[in-house]
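Enquirer: Can you keep this structure in mind? I'll have questions shortly.
Number of protein chains: 2
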Amino acid sequence: MPEFLDLHGRTSKALRAAADDGMRRHGLHLGQNHLLAALWERDGRTPGEIAAELRVTTPTVVKMATRMAASGLLTRRRDERDNRLVRLWLTEEGWALREPVETERRDLEEAVLADLTGAEREHLMTALEKIHRAATALLKDSRSAD
Amino acid sequence: MPEFLDLHGRTSKALRAAADDGMRRHGLHLGQNHLLAALWERDGRTPGEIAAELRVTTPTVVKMATRMAASGLLTRRRDERDNRLVRLWLTEEGWALREPVETERRDLEEAVLADLTGAEREHLMTALEKIHRAATALLKDSRSAD
DNA sequence: CAGAAGTCGTTTGCCGTCTAATGAATGCGA
DNA sequence: TCGCATTCATTAGACGGCAAACGACTTCTG
Numbered sequence: 001m002p003e004f005l006d007l008h009g010r011t012s013k014a015l016r017a018a019a020d021d022g023m024r025r026h027g028l029h030l031g032q033n034h035l036l037a038a039l040w041e042r043d044g045r046t047p048g049e050i051a052a053e054l055r056v057t058t059p060t061v062v063k064m065a066t067r068m069a070a071s072g073l074l075t076r077r078r079d080e081r082d083n084r085l086v087r088l089w090l091t092e093e094g095w096a097l098r099e100p101v102e103t104e105r106r107d108l109e110e111a112v113l114a115d116l117t118g119a120e121r122e123h124l125m126t127a128l129e130k131i132h133r134a135a136t137a138l139l140k141d142s143r144s145a146d
Numbered sequence: 147m148p149e150f151l152d153l154h155g156r157t158s159k160a161l162r163a164a165a166d167d168g169m170r171r172h173g174l175h176l177g178q179n180h181l182l183a184a185l186w187e188r189d190g191r192t193p194g195e196i197a198a199e200l201r202v203t204t205p206t207v208v209k210m211a212t213r214m215a216a217s218g219l220l221t222r223r224r225d226e227r228d229n230r231l232v233r234l235w236l237t238e239e240g241w242a243l244r245e246p247v248e249t250e251r252r253d254l255e256e257a258v259l260a261d262l263t264g265a266e267r268e269h270l271m272t273a274l275e276k277i278h279r280a281a282t283a284l285l286k287d288s289r290s291a292d
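Residue numbers (our numbering), protein chains in the order written: chain A, 1 to 146; chain B, 147 to 292.
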């Protein structure tokens, strides 16, 4: 059980749980805030566009959007010019969550990094960038195309 | 969209995908290697014990064990003295995967950290430890007991 | 010794995520 | 213009996770 992978995994899970906890306070499920963030930035996007931005597959966005539509955060509407497309539009409720959720998220980031100095944070970001690049490269290797 | 949480999330996903890729090569699904690792270290453990070690809930282990039993990696057997307990025992197949999977995992760790100097790795681990502690503390705060 | 309380594994149901298959609409080439 | 390839969203099914409800067995207590 390699040290880094192990520690990273545990950290990941803890962060995930903390984030989930925070979102739940606003009636959201983990992951939904990302979808909302995409729409806050630009409303009326299509599932495919959102999936690409969130680095997630389209079915994931579709399912999540279905649940979120059911809970009144957004609505689905077909694009008038191109009927293949579906556009997601935020409801009042969806917009209303913007401030509280963004604050929650900023607070979480700050709370979690509280014990790190500025220099430590810089090094951490650099290291994660490198790891991200390396891991992504590994994936491209094993898959025929990407 | 805070920088750190965002980068960490992306890194996490990339690592997860890379690990999944590697495990798939040995016919395993992501996560099953952890359960196997627990049994390699000590065979005949109970679902509850394994769940605690993997920091996962018992139902997660139970489900995973069911699938792994179906694919012949382990067998279920009730404890003779205490009939509430169930013990999981590795099959030949389960033991056979040990070397290749542990190697795979070590290789992944090394590949992913390849661009980091020794000092960078140390700083990274320290930083992750701090973050892990902070995130865990946040969880304990919000939950009545733990 | 018998009932109450505690300890386990299992089942159920939901969420996020992925891959693969399906279906509808557009657009391009002959 | 007509058909076929392309582009989208959706559905189906699998997996890892979690929380809550359930059921079986053990242990503690009166």
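Backbone N, C-alpha and C fix where the C-beta goes; we use that ideal spot for every residue, glycine too.
Measure the alpha-carbon distance for residue 170(B) versus residue 180(B) and round it to whole angstroms.
Expert: The alpha-carbon atoms of residue 170(B) and residue 180(B) are separated by roughly 14 Å.
Enquirer: Three or more C-beta pairs closer than 8 Å, one from the stretch 127-140 of chain A and one from the stretch 152-169 of chain B: is that the case here?
Expert: Cβ pair count under 8 Å is three or more, so yes.
Enquirer: So what does residue 86(A) bridge to, in DSSP terms?
Expert: 78(A)
Enquirer: What does residue 131(A) touch in chain B if you count any residue whose Cβ is under 9 Å from its own?
Expert: 157, 160, 161, 258, 259, 261, 262 and 270
Enquirer: Give me, in chain order, the residues of the same chain whose beta-carbon lies closer than 8 Å to that of residue 290(B); leave out the 5 immediate sequence neighbours on both sides.
Expert: Any reading at residue 290(B) must be qualified, since the residue scores a pLDDT of 43, below 50, and its modelled position is unreliable; the value itself is stated next. Result list for residue 290(B): empty, nothing under 8 Å.
Enquirer: Please list the partners that residue 18(A) has in chain B, where partner means a Cβ-to-Cβ separation under 7 Å.
Expert: Taking a Cβ-Cβ threshold of 7 Å, the residues of chain B close to residue 18(A) are 281, 284 and 285, in chain order.
Enquirer: Can you tell me the Cα-Cα spacing of residue 5(A) and residue 260(B), whole angstroms?
Expert: 13 Å
Enquirer: Looking at chain A, is there any beta carbon in it that lies within less than 9 Å of the beta carbon of residue 175(B)?
Expert: no
Enquirer: Would residue 256(B) and residue 183(B) be called neighbours here (beta carbons separated by less than 9 Å)?
Expert: no
Enquirer: Strictly by DSSP, which residues pair up with residue 45(A)?
Expert: 88(A)
Enquirer: Of all the CB atoms in chain A, is at least one closer than 9 Å to the CB of residue 201(B)?
Expert: yes
Enquirer: Can you find a CB in chain A that lies within less than 9 Å of the CB of residue 181(B)?
Expert: no
Enquirer: In this structure, how does DSSP classify residue 71(A) when only helix, strand and coil are distinguished?
Expert: coil
Enquirer: Exposed or buried, which one is residue 157(B) when buried takes at least 16 other CB atoms within 10 Å?
Expert: buried
Enquirer: Would you tell me roughly how many angstroms separate the C-alpha atoms of residue 218(B) and residue 287(B), rounded to the nearest one?
Expert: Rounded to the nearest angstrom, the two C-alpha atoms are 42 Å apart.
Enquirer: Could you give the distance in angstroms between the alpha-carbon of residue 7(A) and the alpha-carbon of residue 127(A)?
Expert: 15 Å
Enquirer: Using only CA atoms, which one of 70(A), 47(A), 3(A) and 92(A) lies nearest to residue 59(A)?
Expert: 47(A)
Enquirer: Roughly how far, in whole angstroms, is the beta-carbon of residue 75(A) from the beta-carbon of residue 91(A), given that I think they are within contact range, below 8 Å?
Expert: 6 Å
Enquirer: Going along the chain, which unbroken runs of the alpha helix (DSSP H) with 4 or more residues stay wholly within the stretch 6-52 of chain A?
Expert: 32-41
Enquirer: Roughly how many angstroms lie between the CA atoms of residue 55(A) and residue 265(B), to the nearest whole one?
Expert: C-alpha separation (whole angstroms): 31 Å.
Enquirer: Just to confirm before moving on: does the CB-CB distance between residue 241(B) and residue 190(B) stay below 9 Å?
Expert: no
Enquirer: Under 7 Å Cβ-Cβ, which residues of chain B neighbour residue 109(A)?
Expert: 148, 150 and 151
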